Amino acid sequence: MKVAKENLNLKDDQLIAETVKFVKDTLAGAESGHDWWHILRVWKNSLQIIRTEPADQLIVELAALLHDIADSKFHNGDEEIGPKKAGDFLRSKNLQEEKILHIQQIIRHMSFKASLEKKQFHSKELEIVQDADRLDAIGAIGIARAFTFGGFKNRELYNPEIPPVLNMNKEEYKNSKGPTINHFYEKLLLLKDKMNTESGKKIALERHSFMEQYLDQFYKEWDGN
Numbered sequence: 001m002k003v004a005k006e007n008l009n010l011k012d013d014q015l016i017a018e019t020v021k022f023v024k025d026t027l028a029g030a031e032s033g034h035d036w037w038h039i040l041r042v043w044k045n046s047l048q049i050i051r052t053e054p055a056d057q058l059i060v061e062l063a064a065l066l067h068d069i070a071d072s073k074f075h076n077g078d079e080e081i082g083p084k085k086a087g088d089f090l091r092s093k094n095l096q097e098e099k100i101l102h103i104q105q106i107i108r109h110m111s112f113k114a115s116l117e118k119k120q121f122h123s124k125e126l127e128i129v130q131d132a133d134r135l136d137a138i139g140a141i142g143i144a145r146a147f148t149f150g151g152f153k154n155r156e157l158y159n160p161e162i163p164p165v166l167n168m169n170k171e172e173y174k175n176s177k178g179p180t181i182n183h184f185y186e187k188l189l190l191l192k193d194k195m196n197t198e199s200g201k202k203i204a205l206e207r208h209s210f211m212e213q214y215l216d217q218f219y220k221e222w223d224g225n
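Quick note on numbering: the sequence shown equals residues 1 to 225 in the numbering used here.
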């Protein structure tokens, strides 16, 4: 599937195409909330946002494509395996080292759990890719992804005897095993107010509202109404 792009030269277009193939091959058979289709949606979101944000488009696209190339959740919590795998691939394509290091920093710092500790890195490109990823965590697809991952981890849908844990630190969040509905309050419903860009904020509003409607309906059905 092609994604419309602007402002890249032929060499950059070729690198993007090679990166797409690498990501598709690497994530074949991945958990469906973190598979190629998730990457494609984040890529498309990032291209939509960058239209109104001044940033290095090549860095944004490569970071969007490679951000979950080796998610720590599926690699025993190793938070360096993703940046390393992305860096190794980009070095094999002779991308400038400065750009590679920037992309690795984006991958390290864009996750929700990374936002639970003091910021150690910032760039406009990070803002864009982070918003693009957060948009895929909310709304109808965000709901589907949450329950897919909850099923993958054999978690309860909901347990009224287990309340959400608010204001978790990074380690508490990483080790959380609560029901999937709790995840809405511990992360998903918080993302609207964490968006960086004006475009991200506008898109997030509708998706946030949909999640609130979904929860209202969920509780009605849970109570037999």
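For glycine and all other residues, C-beta sits at the position ideal for the given N, C-alpha and C. Computed from a predicted structure; not experimentally measured.
Using C-beta distances below 7 Å, list every residue in its chain close to leucine 126, excluding the 5 sequence neighbours before and after it, in chain order. Ile106, His109, Met110
At a cut of 8 Å, does the region 167-174 reach the region 143-158 through at least three beta carbon pairs? no
Can you give me the Cβ contacts of alanine 63 inside the same chain, cut-off strictly under 7 Å, excluding the 5 residues immediately before and after it? Ile103, Ile106, Ile107, Glu125, Val129
Considering only the beta carbon of each residue, do aspartate 136 and glycine 142 sit closer than 8 Å? Taking 8 Å as the Cβ cut-off, aspartate 136 and glycine 142 qualify as a contacting pair.
How many Å lie between serine 209 and asparagine 182 at the Cα? 17 Å
Assign tryptophan 222 to buried or exposed, taking buried as 16 or more other Cβ atoms, counted over all protein chains shown, within 10 Å of its Cβ. exposed
Pick helix, strand or coil for isoleucine 69, following the three-state DSSP scheme. If DSSP states are grouped into helix, strand and coil, isoleucine 69 belongs with coil.
Suppose contacts are defined by Cβ-Cβ distances below 8 Å. Is phenylalanine 89 in contact with phenylalanine 22 by that definition? yes
Among Ala30, Lys24, Ile59, nearest to aspartate 13 - alpha-carbon criterion: Ile59
What's the gap between the Cα of aspartate 68 and the Cα of alanine 114? 14 Å
Return the CA-CA distance between isoleucine 81 and alanine 140, expressed in angstroms with no decimal places. 30 Å
So the alpha helix (DSSP H) methionine 226 belongs to, where does it begin and stop? Nothing in the structure corresponds to residue 226, since the chain is present only between 1 and 225.
Can you give me the Cβ contacts of lysine 220 inside the same chain, cut-off strictly under 7 Å, excluding the 5 residues immediately before and after it? None.
Rank Asp193, Lys201, Thr19 by C-alpha distance to the C-alpha of isoleucine 39 and give the top, closest one. When each option's Cα is compared against that of isoleucine 39, the closest is Thr19.
Secondary structure of aspartate 25, DSSP reduced to three states: helix
What span of residues does the alpha helix (DSSP H) with leucine 109 cover, start to end? The identity of residue 109 in the sequence shown is histidine, whereas the question assumes leucine. From DSSP, the alpha helix (DSSP H) with histidine 109 extends over 97-109.
Measure the beta-carbon distance from leucine 65 to tryptophan 43 and round it to whole angstroms, keeping in mind my assumption that it falls under 8 Å. 6 Å
Taking the alpha carbon of lysine 312 as the point to measure from, which residue in Tyr173, Lys99, Arg155, Thr197 has its own alpha carbon closest? Past the boundaries of the shown model lies residue 312; the chain is included only from 1 to 225, so the question cannot be answered.
Classify asparagine 225 as helix, strand or coil using the three-state DSSP reduction. In the three-state reduction of the DSSP assignment, asparagine 225 falls in the coil class, being assigned neither a helical nor a strand state.
Can you give me the C-alpha to C-alpha distance between lysine 153 and glutamate 31, rounded to a whole angstrom? In this structure, the CA atom of lysine 153 is about 11 Å from the CA atom of glutamate 31.
Does the Cβ of lysine 2 have 16 or more other Cβ atoms within 10 Å, making it buried, or fewer, making it exposed? Residue confidence for lysine 2 is low, a pLDDT of 49 falling below 50, so the modelled location carries little weight and cannot support an answer.
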